[in-house]
Amino acid sequence: MCSTSRQVSNHAEAEKTVRTLTGRVVSDKMDKTITVLIERRVKHPIYGKYVKRSTKLHAHDEANQCHIGDKVTIRETRPVAKTKSWALVDILERAVEV
Numbered sequence: 001m002c003s004t005s006r007q008v009s010n011h012a013e014a015e016k017t018v019r020t021l022t023g024r025v026v027s028d029k030m031d032k033t034i035t036v037l038i039e040r041r042v043k044h045p046i047y048g049k050y051v052k053r054s055t056k057l058h059a060h061d062e063a064n065q066c067h068i069g070d071k072v073t074i075r076e077t078r079p080v081a082k083t084k085s086w087a088l089v090d091i092l093e094r095a096v097e098v
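Sequential numbering of the sequence shown, starting at 1, is according to the UniProt record's numbering.
Structure representation (structure tokens):
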């Protein structure tokens, strides 16, 4: 019985620490999928200057509600497709329509 309670507590801790990231939508052409550009600043190991690094991630957008330029929050989830293992959580800021 002790091992079961320990497994449950470990499972609960694992669910609490869900990775979330914030970025800009750079593509919404796919059905129920958005491409999010995540930018971060990394210190150069030798020169000490901060350099911008970026990563593009595919995220699941069930309702097709995001558009290019929106600022969004995504969270890590189980793999939905070969390259898609993130899901849309919230739209923080809408892009200006032109």
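In this text, a Cβ means the ideal position worked out from N, Cα and C, and glycines have one as well. Fair warning: this is a prediction, and the values are worked out from it, not measured in the lab.
Asked: Quick one: what's got a C-beta closer than 8 Å to Val72's C-beta in the same chain, skipping five residues either side?; Found: Thr22, Gly23, Arg24, Val25, Ile34, Val36, Ala59, Cys66, Leu88, Val89, Asp90, Ile91 and Leu92
Asked: Once DSSP output is grouped into helix, strand and coil, what is the label at Lys82?; Found: coil
Asked: Who pairs with Gly23 in a beta bridge, going by DSSP?; Found: Val72
Asked: Kindly say whether Thr35, judged by its beta-carbon, lies nearer than 7 Å to any beta-carbon of chain D.; Found: Although the question refers to chain D, the structure presented lacks it and comprises just one protein chain.
Asked: For Ile68, is the classification buried or exposed, using 16 other Cβ atoms within 10 angstroms of its Cβ as the cut-off for buried?; Found: exposed
Asked: Note the first and the last residue of the continuous beta strand (DSSP E) segment covering Glu39.; Found: Thr33 to Lys43
Asked: Run through DSSP, which three-state label would Lys56 get?; Found: strand
Asked: Among the residues of its own chain, which have a CB less than 6 Å from the CB of Val42, if the five just before and after it don't count?; Found: Val51 and Arg53
Asked: Have a look at Lys32 and Glu76 and give me their C-alpha separation to the nearest angstrom.; Found: 16 Å
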